[in-house]
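S.K.:
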Amino acid sequence: MPQSEKYLTKSKTVAARVLGDEVIIMSTADSTIFMLNPTGTVIWQAADGNTPLSRIIVEKLCEQFDVPVEQAATDAEDFVAEMAAHGVLVVSEEPISR
Amino acid sequence: MSLLAEMTQKATDQGIPLSAHLDITWRCNERCVHCYLDHNGEGEMTTGEIKDVISQLADTGTFFLSISGGEPLLRRDCFEILEYARELGFSVKLKTNAVMIGAAQAARLKNLGIEQVQISIYSHLPEVHDAITKLPGSLRRSLQAIRYLRAEGVKVSITNVLMKQNVTNAKAVRLLAKELDVEFVVDPTITPMFNGDRSILNLGISNQELDEIFHTEEFIGNVGEFCAPVSEVDEDVLEGYSCSAGHTLADISPSGDVYPCVQFPMPCGNLREKSFRDIWFAISLRCRFPVAPIPLHWLGQAGVHPNSCRVRCQPSV
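Going down the list, the sequences are from chains Y and B. Its first residue numbered 1, the first sequence is counted upward by one per residue in our numbering. Its first residue numbered 1001, the second sequence is counted upward by one per residue in our numbering.
#1: What residue ranges within the segment 1132-1183 of chain B form continuous beta strand (DSSP E) runs of no fewer than 3 residues, ordered along the chain?
#2: Using a Cβ-Cβ cut-off of less than 8 angstroms, give me the residues of the segment 1083-1103 of chain B that come near chain Y, in sequence order.
#3: Consult DSSP for B/L1074 and reduce its assignment to one of helix, strand or coil.
#4: Could you say if the segment 1091-1109 of chain B and the segment 1043-1050 of chain B meet the contact criterion of at least three C-beta pairs nearer than 8 angstroms?
#5: Ordered along the chain, which non-local residues of its own chain (more than five positions away) have a Cβ less than 8 angstroms from that of B/K1171?
#6: Out of B/W1026, B/R1031, B/M1163 and B/D1278, which one is the CA nearest neighbour of B/K1134?
#7: Let me see if you follow: with CB-CB separation under 8 angstroms, is Y/T39 close to chain B or not?
#8: Would you tell me roughly how many angstroms separate the C-alpha atoms of Y/K6 and B/A1107, rounded to the nearest one?
#9: Under a CB-based cut-off of 8 angstroms, is Y/I24 close to chain B?
#10: What span of residues does the beta strand (DSSP E) with Y/M35 cover, start to end?
#11: Considering only the alpha carbon of each residue, which of B/F1276, B/I1283 and B/A1282 lies closest to B/G1061?
#12: With a threshold of 16 other CB atoms inside 10 Å of the CB of Y/S97, please say whether the residue is buried or exposed.
#13: Can you find a C-beta in chain B that's less than 8 angstroms from the C-beta of Y/M1?
#14: Could you please tell me which residues of the segment 1036-1068 of chain B, in chain order, have their CB closer than 7 angstroms to any CB of chain Y?
#15: With a threshold of 8 angstroms between beta-carbons, can Y/G87 be considered close to chain B, or not?
#16: Residues in the same chain with beta-carbon distance under 6 angstroms from B/L1065, minus the five sequence neighbours each way, listed in chain order, please.
#17: Quick one: is B/E1006 near chain Y, going by C-beta distance under 8 angstroms?
#18: Short check: CB of B/F1214 to CB of B/P1265, under 8 angstroms?
#19: Check whether the Cβ atoms of B/V1099 and B/N1160 sit closer than 8 angstroms, and answer yes or no.
#20: Would you verify that the beta carbon of B/A1250 is, or is not, closer than 8 angstroms to some beta carbon of chain Y?
#21: In terms of residues, what are the limits of the beta strand (DSSP E) holding B/T1096?
#22: Does the segment 56-67 of chain Y touch the segment 14-25 of chain Y, meaning 3 or more C-beta pairs lie closer than 8 angstroms?
#23: Quick check: the Cα distance between B/A1024 and B/G1069, rounded to an integer number of angstroms?
#24: Pull up the distance between the alpha-carbon of Y/G40 and that of Y/A76, whole angstroms please.
#25: For B/N1169, which of B/G1221, B/L1074, B/D1052 and B/H1129 has the nearest alpha-carbon?
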C-alpha cells in the first residue's frame, strides 16, 4: 500500500528565529528550547503546509546536503515525528491552510 | 553548556542582540514612588513605526522581546503590537501592572502565545502596595488579573521590588506567589530617574537588609552559588564582554531611542533617523571597550553584589 503524503506547518504556539544556519525554537506551552541543526532548519523553513514532505526531502535535503533519498527520508521522518510530538510541527495528510 | 547559553553565545559572536526590551509608552496609570521614568507621552512612535522596529529586530535576529512601559496596555494598539510580534516569531513577554487585564484580555494573551506576563506586586497588604503605586485598589485589581491569567494557563511572574516600606513583606509576597502558582522574583534595585534625580535611591533597602535577602534561599535559590566569590580576573575575562550591555540586550524607548541596556540610559541613536542594525553595530563597538564618559548619576546601585550588574564601563567624571 502506498504511503500517504505528509504536510507540515509550523505550530502557532512556538516562537522561532533563524540564527545563522540554525533555528531556535521555544515552545510557549512549556518553555522548552530546541535548536535545530542545518538539516532540521531546512525542513522547518520549508514547512509551509502545502509542500509535501517527500518533495522537501528530494528538492531540499538531497539537493543541499548531497545525501541519498533513503537516508534523507529516514532522518526527516524521525525529525518530523519528534517535532510533532513536542507540538512544534503540525502534521497532516492534507495540505494545511493557515 | 545549556541550550540557552549556547544560543546566547552564538548570537553574541554574530553581534546579534538576542533580547530586546521595547517600551511602547512611558505613560502609566500608576505613579509608583520608585519609578525612574517621567510619564510624558510626547513623541511616542506610531503603530506603524513600532511594527517597523519589530520587523527590524526580527531581521537582525532578536528572539526574546519584552513589551513594556510605562503601562503598555494604555496604548490602544498594544494587542495589535503583541500580535505582530508573535506573527514574526518572537518569544514575547509582557511587563504590566495588569490592572487593565480582565478575563477577556487574559484569554487574548493566551491565544497569542505570550511566553510570560510579568507583574510587579509590592506587598500582600493593599495599604502598602497601593501606597507605593498611588492607585487605590491596584493590588486587588492586579491580583484578580493574575487569577484570570492563571485560569487561562498563562505563565505569570511576580516581581517584588524591595524598598524600605515593603521589605518586611517579601516573605508574605513569596507565599502569595506560591498560592497563585506563579514565579516569584525579588528585585532590590532602585534606579535613579532618567532626568538624573537620585533622590529615589533613598527608598532602597539597607546593606544589612540586602545582605539578608541575598543569603535567604527562598529568595535567591542556592545561596552558595549565588554568593560565590567572583572568579579571578584572567585573560579570558579581560578579553570577554563586561556584561550584556551593548551585546545581548537592546533597550528601546517609546520615541525610538536605542540604549545599550535597560540600566544604562545613554541614547545611542534614534530609530526615526537610523536603522536598528546601524545603531546596534555602533553600540556594540563602543561597549567592547571602556565607553565614553557618562555622568555618574546615570549609574544605578552598581556593585551591590558581585552577581548583579557591575557596570564595568567606568564613568569618567
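Glycine included, each C-beta is placed from N, C-alpha and C at the ideal position. None of these values were measured; they are calculated from a predicted model.
M.R.: Let me spell this out:
#1: Fully enclosed beta strand (DSSP E) runs of 3 or longer: 1156-1161.
#2: Per Cβ criterion, the list reads R1086, G1089, F1090, S1091 and V1092.
#3: The answer is helix: DSSP assigns B/L1074 an H, G or I state.
#4: In the pairwise beta carbon analysis, the segment 1091-1109 of chain B is classified as not touching the segment 1043-1050 of chain B: fewer than three pairs are separated by under 8 angstroms.
#5: If we look at B/K1171 and ignore the five residues flanking it on each side, its Cβ neighbours are E1218.
#6: Of the listed residues, the one whose Cα sits closest to B/K1134 is B/R1031.
#7: It does not: the Cβ of Y/T39 has no partner Cβ on chain B nearer than 8 angstroms.
#8: For Y/K6 and B/A1107, the distance between alpha carbons rounds to 32 angstroms.
#9: Answer yes: the Cβ-Cβ gap between Y/I24 and chain B drops below 8 angstroms somewhere.
#10: Annotation for Y/M35: the continuous beta strand (DSSP E) segment containing it runs I33 to L36.
#11: Looking at the Cα atoms, B/F1276 is the closest of the given residues.
#12: By the Cβ-count criterion, Y/S97 is exposed, with fewer than 16 other Cβ atoms from all chains shown falling within 10 Å of its own Cβ.
#13: Confidence in Y/M1 is poor, its pLDDT being 48 and thus under 50, which makes the residue's placement unreliable; the coordinate value appears in the next sentence. Cβ-Cβ to chain B under 8 angstroms: no for Y/M1.
#14: Only G1061 and F1063 from the segment 1036-1068 of chain B bring a Cβ to less than 7 angstroms from some Cβ of chain Y.
#15: Not closer than 8 angstroms to any Cβ of chain B, the Cβ of Y/G87 fails to qualify, so no.
#16: For B/L1065, where only same-chain residues beyond five positions count, the Cβ hits under 6 angstroms are A1020, A1085, F1090 and V1092.
#17: Yes, its Cβ sits closer than 8 angstroms to a Cβ of chain Y.
#18: No; because the gap between Cβ atoms is not below 8 angstroms, this pair is not in contact.
#19: No; because the gap between Cβ atoms is not below 8 angstroms, this pair is not in contact.
#20: It does not: the Cβ of B/A1250 has no partner Cβ on chain Y nearer than 8 angstroms.
#21: Per DSSP, B/T1096 belongs to the beta strand (DSSP E) from S1091 to T1096.
#22: The segment 14-25 of chain Y, when compared against the segment 56-67 of chain Y, does not touch it at the 8 angstroms Cβ threshold.
#23: Checking the sequence, you will find Ile at residue 1024 of chain B rather than Ala. The C-alpha of B/I1024 lies about 6 angstroms from the C-alpha of B/G1069.
#24: Annotation: Y/G40 to Y/A76 spans about 8 angstroms, alpha carbon to alpha carbon.
#25: Cα-wise, what sits closest to B/N1169 is B/H1129.
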